[in-house]
Amino acid sequence: MSQIKKSLLRIYNSLYLVKFNIVNFFSKKNIPLTKNNYKILRLKNKYKGKRCFIIGNGPSLKPEDLERLKGEFTFASNKIYKIFNKTTWRPTFYMVVDPIVLEENAKDINLVEAQKKFTLKVYKKLLNADIYFNNNLNKDKRGTFSTKVMESLYSSGTVSYHMLQIAFYMGFSEVYLIGHDYNYKDAVSRTRDLSFLKMASNSEHYFSQDYFRNDEKKPGQAPDEIYYGMEKAKIVFERSGKKIFNATRVSYLDVFETKDYDSLF
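Structure, rendered in structure tokens:
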């Protein structure tokens with residue numbers, strides 16, 4: 424590469440960094456300087472006082488339960504599309520944040536039907552989304568529950584944690600989790616002994632036996648991060664007079680008050 428090209432590249436990178444820092448400075452104050460951030464701002468408290476459902480992909484998830492969610496505000500993620508051939512329900516909001524899931528399934532993920540698709544800014548080239556978010560912008564704050572999602576979301580083991588942050592920003596006052604079985608072999612609990620989950624018979628983690636292809640690279644699991652993240656989410660919601668309920672049919676996640684799914688309709 425010639426010296427001129429190298430100099431131009433350095434100038435470009437410097438200008439990009441300046442722009443990035445300016446945009447993020449104003450994002451902290453919830454002031455949008457980009458089209459993408461303006462889209463985020465339009466979501467702030469848009470659904471104030473309403474309820475929504477955040478759908479996990481655990482083995483308890485059934486197509487007939489999804490059918491009942493038509494007309495509800497719903498968040499879904501990852502390979503939820505594997506159940507689309509059994510239900511006419513489609514999610515309001517859809518999100519993917521795991522790079523392995525995206526890279527292994529980009530073609531199918533880009534075909535998912537949803538009113539709005541979310542992902543992280545670093546995956547712009549992989550997913551044609553409606554809105555892109557920063558993630559873990561401040562590395563020291565990883566695991567934080569962000570209430571300023573224009574600035575950044577933060578990770579804690581599951582895409583559901585990201586969706587909870589977005590749901591909070593949108594103003595939902597009641598969030599119901601379904602399909603969050605949390606039946607991982609290293610699951611954490613403050614109320615019961617979950618050592619039996621280490622048995623092979625309890626190793627099914629998804630609603631479909633063909634959730635993964637035989638040659639597909641699988642994402643890792645971080646049940647401890649998930650648990651502690653959910654505890655943080657509960658605190659933030661309840662401090663604001665909002666609630667998260669676990670309406671999963673079979674769940675070992677004991678952070679939230681449970682609700683009978685059928686009683687919600």
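If you're matching positions, the sequence shown starts at 424 in the numbering used here and goes up one per residue.
For every residue, glycine included, the Cβ atom is placed at its ideal position computed from N, Cα and C.
### Query
Contact check, Pro482 vs Phe679 under 8 Å by CB: the rounded distance?
For the purposes of this step, residue 482 is taken as the residue at position 59 of the sequence shown. For the purposes of this step, residue 679 is taken as the residue at position 256 of the sequence shown. In fact, because the Cβ distance is near 19 Å, the residues do not count as touching under 8 Å.
### Query
Can you list, in chain order, the residues of its chain whose CB lies under 8 Å from that of Lys657, leaving out five sequence neighbours each side?
For this step, residue 657 is matched to residue 234 along the sequence shown. If we look at Lys657 and ignore the five residues flanking it on each side, its Cβ neighbours are Ile667, Val678, Phe679.
### Query
Thinking C-beta only, is Ile532 closer than 7 Å to Ala499?
Position 76 of the sequence shown, counted from the start, is the residue given in the question as residue 499. Position 109 of the sequence shown, counted from the start, is the residue given in the question as residue 532. Result no, Cβ atoms of Ala499 and Ile532 do not sit closer than 7 Å.
### Query
Which whole-angstrom value describes the C-beta separation of Thr570 and Tyr592, a residue pair presumed to lie in contact below a C-beta threshold of 8 Å?
Residue numbering aside, residue 570 sits at position 147 when the sequence shown is read from its first letter. Residue numbering aside, residue 592 sits at position 169 when the sequence shown is read from its first letter. Their Cβ separation, rounded to whole angstroms, is 7 Å, which keeps Thr570 and Tyr592 in contact under 8 Å.
### Task
Can you tell me which of the three DSSP states Lys571 falls into?
Here residue 571 refers to the residue found at position 148 of the sequence shown. The answer is coil: DSSP assigns Lys571 none of H, G, I, E or B.
### Query
When the Cα atoms are used, what is the spatial distance from Gly566 to Gln644?
Sequence index remark: in the sequence shown, residue 566 carries index 143 (1-based). Sequence index remark: in the sequence shown, residue 644 carries index 221 (1-based). Cα to Cα, the separation comes out at about 15 Å.
### Message
Whole angstroms are fine: how far does the CA of Tyr607 sit from the CA of Lys562?
### Response
Taking the sequence shown and counting its residues from 1, one reaches residue 562 at position 139. Taking the sequence shown and counting its residues from 1, one reaches residue 607 at position 184. Their Cα atoms are separated by approximately 27 Å.
### DSSP three-state assignment for Asn480, whether helix, strand or coil
For the purposes of this step, residue 480 is taken as residue 57 along the sequence shown, with counting starting at 1. Coil, per DSSP.
### Query
Distance, Cα to Cα, Asn558 vs Tyr546?
Locating residue 558 in the sequence shown gives position 135, where the first residue counts as 1. Locating residue 546 in the sequence shown gives position 123, where the first residue counts as 1. Their Cα atoms are separated by approximately 11 Å.
### Pro646 beta carbon less than 7 Å from that of Asp521
Counting from 1 along the sequence shown, the entry for residue 521 is found at position 98. Counting from 1 along the sequence shown, the entry for residue 646 is found at position 223. No, they are not a contact pair.
### Message
Within a Cβ cutoff of 6 Å, which residues of the same chain sit near Glu648, ignoring the five residues on either side of it in sequence?
### Response
Sequence index remark: in the sequence shown, residue 648 carries index 225 (1-based). Ser579, Gly580.
### Task
Determine the contact status of Leu419 and Ala529, defining contact as a CB-CB distance below 7 Å.
Nothing can be reported for residue 419: it is not among the residues displayed for the chain, which extend from 424 to 688.
### Task
Measure the beta-carbon distance from Gly494 to Ser596 and round it to whole angstroms, keeping in mind my assumption that it falls under 8 Å.
Taking the sequence shown and counting its residues from 1, one reaches residue 494 at position 71. Taking the sequence shown and counting its residues from 1, one reaches residue 596 at position 173. That belief does not hold up - the Cβ atoms of Gly494 and Ser596 are roughly 18 Å apart, past 8 Å.
### Task
Would you identify the three-state DSSP class for Ala499, choosing helix, strand or coil?
On the sequence shown, position 76 is the one that residue 499 refers to. Residue state, collapsed to three classes: strand.
### Same chain only: Cβ atoms within 7 Å of Tyr504, ignoring 5 sequence neighbours per side
As a position in the sequence shown, residue 504 is number 81, starting the count at 1. Only Asp531, Val535 meet the Cβ criterion.
### Task
Give the DSSP bridge partners of Arg474, in chain order.
As a position in the sequence shown, residue 474 is number 51, starting the count at 1. According to DSSP, Arg474 bridges with Glu597.
### Task
Out of Tyr684, Lys509, Arg662, Tyr675, state which residue places its alpha-carbon closest to the alpha-carbon of Asp609.
In the sequence shown, the residue the question calls residue 609 occupies position 186. Out of Tyr684, Lys509, Arg662, Tyr675, Tyr675 has the C-alpha closest to the C-alpha of Asp609.
### Task
Taking Tyr546 as part of the beta strand (DSSP E), name the residues at either end of that continuous run.
Here residue 546 refers to the residue found at position 123 when the sequence shown is read from its first residue. First-last for Tyr546: undefined, no H or E at that position.
### DSSP state of Ile445 mapped onto helix, strand, coil
In the sequence shown, residue 445 corresponds to position 22, counting from 1. In the structure shown, Ile445 sits in a helix (DSSP, three-state: H, G or I).
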